[in-house]
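J.: The structure that follows is given in the form of structure tokens.
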Amino acid sequence: MKKVSAVIVGLVVALLAFSQDLVVTVANDSIACKVVGFSEDSLFYSIDEPTTKNGKAFNRFAIHQADVLVYRVNYEAWLTTQSKILPAKPTYPRQRFRLSVFYGLANKLNFGLAEMGDNIHYTETLYIDKVFGADFTWFYTPKWGGGVTFNRYHTAERYDCRGEVVIDGVTYTTIIDASDRRSVTYLGPQLIRRMAVNKDKTYLLMGASAGCIWYNNFRDTNFGDYIVTGNTIGGQVEFGIETRVSEHVSFGAKSSLLLGWIDQLNWDNGTTIVTEPAEGKDRSVNRLDLSVSLQVHL
1257 MKKVSAVIVG
1267 LVVALLAFSQ
1277 DLVVTVANDS
1287 IACKVVGFSE
1297 DSLFYSIDEP
1307 TTKNGKAFNR
1317 FAIHQADVLV
1327 YRVNYEAWLT
1337 TQSKILPAKP
1347 TYPRQRFRLS
1357 VFYGLANKLN
1367 FGLAEMGDNI
1377 HYTETLYIDK
1387 VFGADFTWFY
1397 TPKWGGGVTF
1407 NRYHTAERYD
1417 CRGEVVIDGV
1427 TYTTIIDASD
1437 RRSVTYLGPQ
1447 LIRRMAVNKD
1457 KTYLLMGASA
1467 GCIWYNNFRD
1477 TNFGDYIVTG
1487 NTIGGQVEFG
1497 IETRVSEHVS
1507 FGAKSSLLLG
1517 WIDQLNWDNG
1527 TTIVTEPAEG
1537 KDRSVNRLDL
1547 SVSLQVHL
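At position 34 of the sequence shown (counting the first as 1) the number is 1290 in the working numbering, and the numbers step up by one without a gap.
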């Protein structure tokens, strides 16, 4: 009797496997189902005919491929597992366009001292260094994207320094009290590489770009006010992480390193503009940023 029962069960399972593509065996129970897709670490299946909307299967379940002992990629398989089969987590279709806005803190790296020279004593930070900006990226493959990035850095500080002034043709050495309100703007094309760490919900991103840097400084001193400007070509690299919270929105954080040096500076006191080479070493605008971001995927 036991042999007859075993033969009947075997025939039923074989027929189910032939008609449904796949039989999942959990403990002593066998379930006939239909394979609806694979991911990097899981197989997705549906017990009934999958309901679709915009090409996505809904009533589907997932089994981790680490629990799969035998399978063939041609969607005909015999799976055996002792683990609990969990409902599939929601997945999102790949959107090609990504708009990201970010805001955070910045830290000057060997920025160079103010344009008057290196003999400077900083007396007050007027506000914390900050950076904000936006990226627009087109992902032409699931892992590679290209686009444009923009950011602007602001800082303000008060200091005094030893400088020279000319009065009636005579040069005097004196202490100059001054304050700077400095901004650095960066704009350039960007290449991004992203890697999935949690299917299609969480990604690690790496980006690199080269572009234009514009330096602008409003300087107020006890001997006059100046607008000091300059520009150069620089580069930026960044590393970040993003997590989806819905089909079109994700949040993230990233760190960025901007590198650039300015050779010449233009001094404008309202009546005269003077162009001078940077004193000593090239003027550095190197900076390290840490920011949080919001992304919209389309």
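For each residue, glycine too, the CB sits at the ideal point set by N, CA and C.
Helix, strand or coil: which one does DSSP assign to LEU1443?
T.: Within the sequence shown, the letter at position 187 stands for residue 1443. Three-state result, LEU1443: strand.
J.: Does the stretch 1469-1485 come close enough to the stretch 1501-1513 to have 3 or more Cβ pairs within less than 8 Å?
T.: No contact exists between the stretch 1469-1485 and the stretch 1501-1513.
J.: If you follow the beta strand (DSSP E) that ASN1472 is in, where does it begin and where does it stop?
T.: One-based indexing of the sequence shown puts residue 1472 at position 216. Unbroken beta strand (DSSP E) run through ASN1472: 1458-1477.
J.: Hey, how far is the Cα of THR1458 from the Cα of ALA1452?
T.: Your numbering for residue 1458 matches position 202 in the sequence shown. Your numbering for residue 1452 matches position 196 in the sequence shown. Spanning the two alpha carbons is a distance of roughly 6 Å.
J.: Does DSSP put LYS1399 in a helix, in a strand, or in coil?
T.: Locating residue 1399 in the sequence shown gives position 143, counting from the first residue. Note: LYS1399 maps to coil in three-state DSSP.
J.: Between ASP1545 and VAL1440, is the Cβ-Cβ spacing less than 8 Å?
T.: For the purposes of this step, residue 1545 is taken as residue 289 along the sequence shown, with counting starting at 1. For the purposes of this step, residue 1440 is taken as residue 184 along the sequence shown, with counting starting at 1. No, the pair does not count as a contact, with Cβ atoms beyond the cut-off.
J.: Assuming LYS1510 is part of the beta strand (DSSP E), what are its boundary residues?
T.: As a first step, residue 1510 must be located in the sequence shown, where it is residue number 254. Looking at the DSSP string, the run of the beta strand (DSSP E) that includes LYS1510 is 1505-1515.
J.: In three-state terms, what does DSSP make of GLY1480?
T.: Against the sequence shown, residue 1480 aligns to sequence position 224. It is a strand residue.
J.: List the endpoints of the continuous beta strand (DSSP E) containing SER1549.
T.: Residue 1549 sits at position 293 when you count from the first residue of the sequence shown. Counting along the chain, the beta strand (DSSP E) containing SER1549 begins and ends at 1543-1553.
J.: In the structure shown, what three-state DSSP assignment does GLY1425 receive?
T.: Within the sequence shown, the letter at position 169 stands for residue 1425. In the structure shown, GLY1425 sits in coil (DSSP, three-state: anything other than H, G, I, E or B).
J.: Within 8 Å, do at least three Cβ pairs link the stretch 1419-1433 to the stretch 1456-1473?
T.: As far as the Cβ criterion goes, the stretch 1456-1473 does not touch the stretch 1419-1433, which means the pair count is below three.
J.: Do GLN1551 and ARG1354 have their beta-carbon atoms positioned less than 8 Å apart in this structure?
T.: By 1-based counting over the sequence shown, the position of residue 1354 is 98. By 1-based counting over the sequence shown, the position of residue 1551 is 295. Cβ atoms of ARG1354 and GLN1551: closer than 8 Å.
J.: Is the beta carbon of GLY1508 less than 8 Å from the beta carbon of ILE1497?
T.: Working through the sequence shown from its first residue, we reach residue 1508 at position 252. Working through the sequence shown from its first residue, we reach residue 1497 at position 241. Closer than 8 Å, so yes.
J.: What distance in whole Å lies between the Cβ atoms of ARG1449 and LYS1510, which are believed to be in contact at a cut-off of 8 Å?
T.: Locating residue 1510 in the sequence shown gives position 254, counting from the first residue. Locating residue 1449 in the sequence shown gives position 193, counting from the first residue. Actually they are not in contact, since the Cβ atoms of LYS1510 and ARG1449 sit about 13 Å apart, beyond 8 Å.
J.: In the DSSP assignment, find the beta strand (DSSP E) that holds LYS1364 and state where it starts and stops.
T.: Translated into positions along the sequence shown, residue 1364 becomes position 108. First-last of the beta strand (DSSP E) with LYS1364: 1353-1364.
J.: Between GLY1221 and LEU1447, is the Cβ-Cβ spacing less than 8 Å?
T.: Residue numbering for the chain in the displayed model covers 1257 to 1554; residue 1221 lies beyond these limits and cannot be assessed.
J.: Given a threshold of 16 other Cβ atoms within 10 Å of its Cβ, counted over all protein chains shown, does GLY1401 qualify as buried or as exposed?
T.: Stepping through the sequence shown from its first residue, residue 1401 is reached at position 145. Buried.
J.: When the Cα atoms are used, what is the spatial distance from LYS1455 to PHE1406?
T.: Sequence index remark: in the sequence shown, residue 1455 carries index 199 (1-based). Sequence index remark: in the sequence shown, residue 1406 carries index 150 (1-based). If I take the Cα positions, the gap works out to 29 Å.
J.: Whose C-alpha, out of TYR1359, TRP1523, THR1528 and GLU1494, is nearest the C-alpha of LEU1514?
T.: Counted from its first residue, the sequence shown places residue 1514 at position 258. If we check each option's Cα against that of LEU1514, GLU1494 comes out closest.
J.: Helix or strand or just coil, what does DSSP make of GLY1526?
T.: Mapped onto the sequence shown, residue 1526 falls at position 270. Looking at GLY1526 - three-state DSSP - the assignment turns out to be coil, as it is neither helix nor strand.
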